[in-house]
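Just below is one structure, and these are the notes that go with it.
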Amino acid sequence: MPVKEKDSPTKGEITRLAIEDAALELFMEHGYHATSMRQIAEQAGLALGGIYNHFSSKEAIFEGIVVDKHPYKKILPLILGAQGETAEEFLSNAMRIAIDELDREPYYIKLMMIEFVEFNGQHGAAMLREIAPKVLPVFEQVVKIRKNMRVTNPAMLMRIFFGMVLSYFITNTIVSNSIISKLMPKNPMDVYVDVILHGVLKPET
126 MPVKEKDSPT KGEITRLAIE DAALELFMEH GYHATSMRQI AEQAGLALGG
176 IYNHFSSKEA IFEGIVVDKH PYKKILPLIL GAQGETAEEF LSNAMRIAID
226 ELDREPYYIK LMMIEFVEFN GQHGAAMLRE IAPKVLPVFE QVVKIRKNMR
276 VTNPAMLMRI FFGMVLSYFI TNTIVSNSII SKLMPKNPMD VYVDVILHGV
326 LKPET
């Protein structure tokens, strides 16, 4: 049976994405609270009333950006192709892929900071509702085919992986332009992954 091609976006969907693009640019330049719905409308080339045909509020636009522009849409297919015979090799390669993509789209980390500071993380549920069904099977497969793992709960492994990627990316952003960067090893990501997987302490003999 031939694969059905994805339908082209409707005019409404195109307008919705244009509004999100306009709002994203303004949020990054001026911040969330300093951006008005009128500014978003002007940036998107719409009348103010036209925005309300697609979004009920500025917060609804922000939530749409969080969901629609999540990097997983680019990262997930790459993670699925990550190589590694062991769990350590797979997670290390997958993390490197995720970090490289986040480096290309740093706006998302800024959005997350707005989410944490302004909304106390309340849109996280909407984001996970969108991405979990697509991402969780990756970690279910990791647990299924890779032995000797202390974490056998796929949801917990997914949370640990996300935490590892985000904590490395955020701390690397802070450290990269400081004197501390000169004290880092040549392979900080490999060290980071090793510590996450095996801990800081050496095993007792």
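Okay, so the sequence shown: first residue is 126 according to this note's numbering, each after it adds one.
Just so you know, even glycine gets a beta-carbon here, dropped at the ideal spot from N, CA and C.
- By the C-beta density criterion, Leu308 is exposed, having fewer than 16 other C-beta atoms within 10 angstroms.
- Going by C-alpha positions, Met237 is about 25 angstroms away from Val316.
- In summary, Ser306 is exposed, with fewer than 16 beta-carbon neighbours lying within 10 Å of its beta-carbon over all protein chains present.
- Distance between Ser182 and Tyr293, taken at the CA atoms: about 33 angstroms.
- Burial of Ala212 is indicated by the presence of at least 16 other C-beta atoms within 10 angstroms of its C-beta.
- Under the three-state reduction of DSSP, Phe180 is assigned to coil, being neither helix nor strand.
- Pairing Glu230 with Lys199 gives a Cβ-Cβ distance under 9 angstroms.
- A straight line joining the alpha-carbon of Leu261 with that of Gly249 spans about 16 angstroms.
- Contact check for His179 against Gly137 passes: the beta carbons are separated by less than 9 angstroms.
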